[in-house]
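Sequential numbering from 109 applies to the sequence shown in the numbering used here.
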Amino acid sequence: MPPKTLDYETLNENVKKCQYAVRGELYLRASELQKEGKKIIFTNVGNPHALGQKPLTFPRQVVALCQAPFLLDDPNVGMLFPADAISRAKHYLSLTSGGLGAYSDSRGLPGIRKEVADFIERRDGYPSDPELIFLTDGASKGVMQMLNAVIRGDGDGILVPVPQYPLYSAAITLFGGSLVPYYLDESANWGLDVDNLRQSVAQARSKGITVRAMVIINPGNPTGQCLSVANLKEILYFCYQENLVLLGDEVYQQNVYQDERPFVSARKVLMDMGPPLSKEVRLVSFHTISKGYWGECGQRGGYFEMTNVPARSVDEIYKVASISLSPNVPAQILMGLMVSPPRPGDISYEQFMRESKGILESLRKRAQIMTDGFNSCKNVVCNFTEGAMYSFPQIKLPSKAIQAANEAGKVADVFYCLKLLEATGISTVPGSGFGQKEGVFHLRTTILPSEEDMPAIMESFKKFNDDFMDQYDDGHAGFSKM
């Protein structure tokens, strides 16, 4: 009998080829162990609320009132909700064509796109056009929309930082393009070298690949570094020289844990550079409600803003967005609240600031606890997490461990992470899922477990790691700390 449609053999080859390590083998094994009753600490994905972060009060109050507008007619509503939450709920409901159950424009509600544009102008000091802002179901949907627009076939390449967030490798594969890696320098705190970019483009062109776009992740995922203004200028000038669209993944812009390199958007740097670059370099910037101190991952809200993209191309991107009819409306309201939070003098301002500052200060402490914890372990070295939500320590695996992994049919860092999971319940992601240099091994973990739980988690990791290193000791010394 010939194979049928939707048999594995007849599936789209791009579907079969794409991989997404964050929800890969380790996650599936962790889920099995959880079903068997083992306590699992899911540090494999940046999912703050799943690890105990409490939602911010004010935005949830506003969305609750929008979801149940009949509460606004209750004479006692003022006893349950502050006046500014009531006022904002009425404002957002007035922007819809029938409440949260009605479709919006396929780009998102115009009033909320205007709030996003105002936020961008306050942040960067340059006006933003709401017509060039699309609200999306999380930043990932926006990234996929743009990659789909850019990639025409396997002859088109996208420059992606390695280590990279596997959304990019998976989406590029799914759309039939070619990933062109450029390697970040771990010894320079995951810095970016423009000469390395030039080499990557030259190698791709020698294989007949047309490089069409470049991805930056700032702050970095999984590497946690923050790009300097000087680095961003180099990148933008490189894109200008090579005629590349720059895709700026800036979803962690609120997550910065040091003061030397604050977040600066690629758009601000581009505008500061002036003509001809500010008029010609094509830039698409992404943001989300899932990260920062909001952590509203399950709500699925995001946006992208296009700079210097021709009107006819914007129309085509709008057409494709229209196929999905509407981004999810409750998340659009949360996005509006994120870019336009309570202001000084508002009833909810002090509570909102207290909650948000508390989350960010705790994340900064957790980043330090985790970095110090990894660097206290045998054969482990870890750069400080400058931003984002992750640590990405390098694990120096003994040759006996690599041999054991090969005999088990596993990549060496997958083998290590599976052993870690079985012994401690800590679910991580092996570095091979993000890309890394040959013979170098890492793992990625979030810094999201609670501040109270973090010391015990790091102690558990250290015990496992040091026992593992002793078990597979091959007589070679570990490597010196960077």
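Glycine included, each C-beta is placed from N, C-alpha and C at the ideal position.
Exposure of residue i, with buried meaning 16 or more beta-carbon neighbours within 10 Å
i	result
residue 462	exposed
residue 351	exposed
residue 527	buried
residue 120	exposed
residue 223	buried
residue 431	exposed
residue 378	buried
residue 235	exposed
residue 210	exposed
residue 212	buried
residue 264	buried
residue 435	buried
residue 313	exposed
residue 579	exposed
residue 249	buried
residue 187	exposed
residue 109	exposed
Residue i - DSSP class collapsed to helix/strand/coil
i	result
residue 378	helix
residue 588	In this prediction, residue 588 has a pLDDT of 31, which is less than 50 and means its spatial position is unreliable; nothing more can be read from the coordinates.
residue 165	helix
residue 212	coil
residue 462	helix
residue 372	coil
residue 484	coil
residue 362	coil
residue 313	helix
residue 581	coil
residue 441	helix
residue 225	helix
residue 502	strand
residue 118	helix
residue 563	helix
residue 243	strand
residue 218	helix
residue 318	strand
residue 420	helix
residue 411	strand
residue 534	strand
residue 552	strand
residue 394	strand
residue 542	coil
residue 141	helix
residue 337	helix
Cβ separation of residue i and residue j, assumed to be a contact under 8 Å, to the nearest whole Å
i	j	result
residue 539	residue 521	5 Å
residue 369	residue 494	6 Å
residue 541	residue 132	6 Å
residue 151	residue 534	6 Å
residue 177	residue 456	Residue 177 to residue 456, Cβ: 19 Å. No contact.
residue 267	residue 277	Residue 267 to residue 277, Cβ: 12 Å. No contact.
residue 481	residue 571	With 8 Å as the limit, residue 481 and residue 571 do not qualify as a contact, their Cβ atoms being about 11 Å apart.
residue 194	residue 203	Not a contact, Cβ separation roughly 16 Å.
residue 331	residue 271	6 Å
Beta-carbon proximity list for residue i, same chain, < 8 Å, skipping 5 on both sides
i	result
residue 175	208, 438
residue 240	413, 414, 415, 417, 422
residue 428	253, 256, 257
residue 141	148, 529, 530, 533
residue 546	none
Residues of its chain near residue i, where Cβ-Cβ distance is below 7 Å and the 5 sequence neighbours each way are ignored
i	result
residue 304	290, 291
residue 327	333, 334, 360, 363, 364, 371, 494, 495, 496
residue 473	559
residue 573	485, 486, 488
residue 470	559
Nonlocal neighbours in the same chain, by C-beta distance under 6 Å from residue i, ignoring five residues either side
i	result
residue 588	Note that residue 588 scores a pLDDT of 31, beneath 50, so its modelled location is shaky; the value from the coordinates is reported in the next line. Nothing listed; no residue qualifies.
residue 111	117, 118
residue 88	Nothing about residue 88 can be read from this structure; the chain reaches only from 109 to 590.
residue 256	283
residue 311	none
residue 386	378, 379
CB contact flag (residue i, residue j, <9 Å)
i	j	result
residue 156	residue 443	no
residue 452	residue 192	no
residue 556	residue 161	yes
residue 597	residue 134	Shown here, the chain extends from 109 to 590; a query on residue 597 therefore has no answer.
residue 247	residue 357	yes
residue 504	residue 489	yes
residue 411	residue 244	yes
residue 322	residue 346	yes
residue 409	residue 398	yes
residue 373	residue 237	no
residue 329	residue 154	yes
residue 426	residue 215	yes
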